[in-house]
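Visitor: Below is a structure I'd like to ask you about.
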Amino acid sequence: MDGAVGATQCPIPPNAEMTYTFKAFPGGTTWYHGHYLDQYADGLVGPLIIHRAYEPSQALYRTERTLIITDWYNDVCRTTLNSWYLSPSNPDAIEPIPDGIAVNGKFSESLFVNANGEKLIRFRIINAAAFSMYTVSIDGLQLKIIELDQTPVKPYTVSSFAINVAQRVSFCVDLNQFNQSIVPSGLAPTKSIYIRITAMADMYPVDIATYIPPYKTPSVLFPTFFNPSYLAYLTFGSSNSLPTYPAHQEGSNPPPPGNIWDTNLLDARPFYRTNIPNANHYLKLVVDFYEDSSGIVRAYFNDITYGSNPLNLTSTKKLKKLRSSPNIPLLYQMTQAPNGIDIPPPIITSDSPLPSIQSDKYGHYLIPYGAVVDIYIKNRDAGEHPFHLHGYSFWIIATSENPQAENLYAGDYVQRDTVSVPASGWAKLRFVANNPGAWLFHCHIEWHMDAGLLAAFIVGPQQLAAQKFTYVPPPKQFCQ
Numbered sequence: 152m153d154g155a156v157g158a159t160q161c162p163i164p165p166n167a168e169m170t171y172t173f174k175a176f177p178g179g180t181t182w183y184h185g186h187y188l189d190q191y192a193d194g195l196v197g198p199l200i201i202h203r204a205y206e207p208s209q210a211l212y213r214t215e216r217t218l219i220i221t222d223w224y225n226d227v228c229r230t231t232l233n234s235w236y237l238s239p240s241n242p243d244a245i246e247p248i249p250d251g252i253a254v255n256g257k258f259s260e261s262l263f264v265n266a267n268g269e270k271l272i273r274f275r276i277i278n279a280a281a282f283s284m285y286t287v288s289i290d291g292l293q294l295k296i297i298e299l300d301q302t303p304v305k306p307y308t309v310s311s312f313a314i315n316v317a318q319r320v321s322f323c324v325d326l327n328q329f330n331q332s333i334v335p336s337g338l339a340p341t342k343s344i345y346i347r348i349t350a351m352a353d354m355y356p357v358d359i360a361t362y363i364p365p366y367k368t369p370s371v372l373f374p375t376f377f378n379p380s381y382l383a384y385l386t387f388g389s390s391n392s393l394p395t396y397p398a399h400q401e402g403s404n405p406p407p408p409g410n411i412w413d414t415n416l417l418d419a420r421p422f423y424r425t426n427i428p429n430a431n432h433y434l435k436l437v438v439d440f441y442e443d444s445s446g447i448v449r450a451y452f453n454d455i456t457y458g459s460n461p462l463n464l465t466s467t468k469k470l471k472k473l474r475s476s477p478n479i480p481l482l483y484q485m486t487q488a489p490n491g492i493d494i495p496p497p498i499i500t501s502d503s504p505l506p507s508i509q510s511d512k513y514g515h516y517l518i519p520y521g522a523v524v525d526i527y528i529k530n531r532d533a534g535e536h537p538f539h540l541h542g543y544s545f546w547i548i549a550t551s552e553n554p555q556a557e558n559l560y561a562g563d564y565v566q567r568d569t570v571s572v573p574a575s576g577w578a579k580l581r582f583v584a585n586n587p588g589a590w591l592f593h594c595h596i597e598w599h600m601d602a603g604l605l606a607a608f609i610v611g612p613q614q615l616a617a618q619k620f621t622y623v624p625p626p627k628q629f630c631q
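Structure, rendered in structure tokens:
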């Protein structure tokens, strides 16, 4: 159970309430958000920090700050933007471009992060954007990365890094290492420095310096365009102060656009070495976008665009009515017929000597409980995609931008729950299917979820039954 509408629960109706009770494990940096009707793009998000009893890199910091980055849209995503994006009037499938960037709910040059005299600070960065990838840097400081998603890693020093949608990166800084030489001669020593968060402009399908979306009424005299640069202030003390040096002086900016980024940071090593089993199953997912019969560009895994279709279950009087309702969660359907899910079993194909996991015609994949699955994602799209798996984390074996990682780090791969798959490239993942349930695997760009770039992994229905798992039927009004 994880709150995903249609997979593990029905949506919570207006003026109703629902209580989630869960074990706060594993520790690390995560976030909560709406998973329905573009709600998270419209602002239903927040950080969820789970503190470990022992933090392996605790010696590197004395205090911590959390920054949650969001795309800002002036229009309502669930109505205006979604209806335009998924329409025949958008034949190029241009995603809505943000109007701005907000960090912790504040726009550029309005967020002050006070160190309060502390020198050793941990930053937890959460990319909760609907669309944008970002780079992060802090003037005059090196960043020691200590956690990727919820996986502690050995301290790994960079000057800046890229972060895709739904990924999280924790790093530490030491203000003792800041050198006032960044301040030009003749200016007073600075008591604050710039935190730079920059949208990666080359990922957008248009020229953001001149683009005016068709759904907007253009202001002829004073058109406004999306500014990809965001500035926040890290102040050394407890009071707000502005840096004494210019924001855009030479040498203070992160690397220019077009720089080759390993967004997954595969060169970072996990702090704890885990036993990584060999794969015994294989799943190939081919990503594509093309027009459907109504002229709307949809997104596809293996030529299937995901909708709210029910599972193919053994026909019973009890289930006939359920199968006609798209709001009945997959998890509930699993509990009603654990031995009657009609999805083809794994077969041997030319793609791999391992049994290849199959799906029904709706994008549901039945994965044997306990299977060790290699997922090969082939991206035919010209854009980079952040894919997230509910209910699990996975090892990132390699990507098309870092193919040597498979052999270089064999047995010691980094583990994450969101992988950035390169444009027109590929990624290879591995996970152990030991958590029974109905779990979504999807691109975390909100617009691509709307377009159908999802799949559902059905894991261990018999194990749910053996564990006496029961799904209390939700109130009728929850699922109507």
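Under this note's numbering, the letters of the sequence shown match residues 152 to 631, in that order.
Don't be surprised by glycine CBs; every beta carbon is placed ideally from N, CA and C.
Just so we're clear, the structure is a prediction, and the values are computed from it rather than from any experiment.
Taking DSSP's pairing of strands, which residues face LEU271 in a bridge?
Guide: According to DSSP, which records beta bridges pairwise, LEU271 is partnered with ASP325.
Visitor: Have a look at ILE596 and PHE538 and give me their C-alpha separation to the nearest angstrom.
Guide: Rounded to the nearest angstrom, the two C-alpha atoms are 9 angstroms apart.
Visitor: How many angstroms separate the CA atom of ASP290 from the CA atom of ARG273?
Guide: Answer to the nearest angstrom: the Cα atoms are 16 angstroms apart.
Visitor: Answer yes or no: do SER507 and PRO497 have a C-beta to C-beta separation smaller than 7 angstroms?
Guide: Cβ distance < 7 angstroms, so SER507 and PRO497 count as in contact.
Visitor: List the whole-angstrom C-beta distance separating VAL438 from ASN530, where the pair is believed to meet the contact cut-off of C-beta under 8 angstroms.
Guide: Yes, VAL438 and ASN530 are in contact; Cβ-Cβ is about 5 angstroms, under 8 angstroms.
Visitor: Closer than 6 angstroms: is that where the CB of ARG275 sits relative to any heavy atom of the ligand PLP?
Guide: The ligand content of the structure shown is nil, which means the ligand PLP is not present either.
Visitor: State the CB to CB distance for the pair VAL523 and PRO428, rounded to an integer number of angstroms; the pair is presumed to be in contact (CB under 8 angstroms).
Guide: Yes, VAL523 and PRO428 are in contact; Cβ-Cβ is about 5 angstroms, under 8 angstroms.
Visitor: Kindly give me the distance between the Cβ atoms of ILE296 and VAL309, rounded to whole angstroms, as I take these residues to be in contact under 8 angstroms.
Guide: With a Cβ gap of about 6 angstroms, ILE296 and VAL309 count as contacting.
Visitor: At which residue ranges does the segment 537-600 contain complete beta strand (DSSP E) runs of 3 or more residues, listed in the order of the chain?
Guide: Counting whole runs of 3 or more residues, the segment 537-600 contains the beta strand (DSSP E) stretches 545-550, 569-572, 577-583 and 588-594.
Visitor: Looking at the unbroken alpha helix (DSSP H) that takes in TRP412, where does it start and where does it end?
Guide: TRP412 -> no alpha helix (DSSP H), and no H or E assigned at all.
Visitor: Go ahead and label ALA488 buried or exposed: buried means 16 or more other beta carbons lie within 10 angstroms of its beta carbon, across all protein chains shown.
Guide: Per the 10 Å Cβ criterion, buried.
Visitor: Could you give the DSSP three-state label for VAL156: helix, strand or coil?
Guide: Looking at VAL156 - three-state DSSP - the assignment turns out to be strand.
Visitor: Just checking: is the beta-carbon of VAL309 within a distance shorter than 7 angstroms of some beta-carbon in chain C?
Guide: Here there is only one protein chain, and chain C is not present.
Visitor: Let me make sure I understand the geometry here. Which of ARG229, ASP418, ILE528 and THR375 has the alpha-carbon closest to that of GLN555?
Guide: Of the candidates ARG229, ASP418, ILE528 and THR375, the one whose C-alpha sits nearest the C-alpha of GLN555 is ASP418.
Visitor: Which residues bound the beta strand (DSSP E) around SER234?
Guide: Unbroken run through SER234 is the alpha helix (DSSP H), 233-236; no beta strand (DSSP E).
Visitor: I'd like to know if the segment 235-246 and the segment 187-203 are in contact, where contact means that at least 3 CB-CB pairs between them fall below 8 angstroms.
Guide: No, because fewer than three Cβ pairs between the segment 235-246 and the segment 187-203 fall closer than 8 angstroms, the two stretches do not touch.
Visitor: Candidates PRO356, GLN400 and HIS399: which alpha carbon is nearest ALA244's?
Guide: Among PRO356, GLN400 and HIS399, the Cα nearest to that of ALA244 belongs to PRO356.
Visitor: Report the residue from THR425, THR172, LEU211 and ILE518 whose alpha carbon sits nearest the alpha carbon of ASN585.
Guide: Residue ILE518 is the option with its Cα nearest to ASN585.
Visitor: Quick check: PHE608 and TYR516, are their CB atoms within less than 7 angstroms of each other?
Guide: For PHE608 and TYR516, yes; Cβs fall inside 7 angstroms.
Visitor: Let me make sure I understand the geometry here. Which of THR456, SER261 and TYR560 has the alpha-carbon closest to that of SER632?
Guide: Shown here, the chain extends from 152 to 631; a query on residue 632 therefore has no answer.
Visitor: With ALA617 as the anchor, note down where its alpha helix (DSSP H) starts and where it stops.
Guide: Here the alpha helix (DSSP H) through ALA617 covers 612-617.
Visitor: Quick one, are the C-beta atoms of TYR543 and PHE582 less than 7 angstroms apart?
Guide: Going by C-beta atoms, TYR543 is nearer than 7 angstroms to PHE582.
Visitor: If distances are taken between C-alpha atoms only, which option among GLY197, LEU482, ASN233 and PHE312 comes closest to THR621?
Guide: Here the closest residue by C-alpha is LEU482.
Visitor: With a threshold of 8 angstroms, are at least 3 pairs of Cβ atoms found where one atom belongs to the segment 218-232 and the other to the segment 265-282?
Guide: Enough Cβ pairs lie closer than 8 angstroms, so yes.
Visitor: Which one or two residues does DSSP pair with PRO306 in a beta bridge?
Guide: Note: PRO306 sits in no beta bridge, so no partner.
Visitor: Could you name the residues of the same chain whose beta carbon sits closer than 6 angstroms to that of MET152, not counting the 5 residues immediately before and after it, in chain order?
Guide: Closer than 6 angstroms at the Cβ level, and outside the excluded window around MET152, lie THR159.
Visitor: Check whether the Cβ atoms of GLY514 and ALA606 sit closer than 7 angstroms, and answer yes or no.
Guide: Their beta carbons are under 7 angstroms apart, which means GLY514 touches ALA606 by this criterion.
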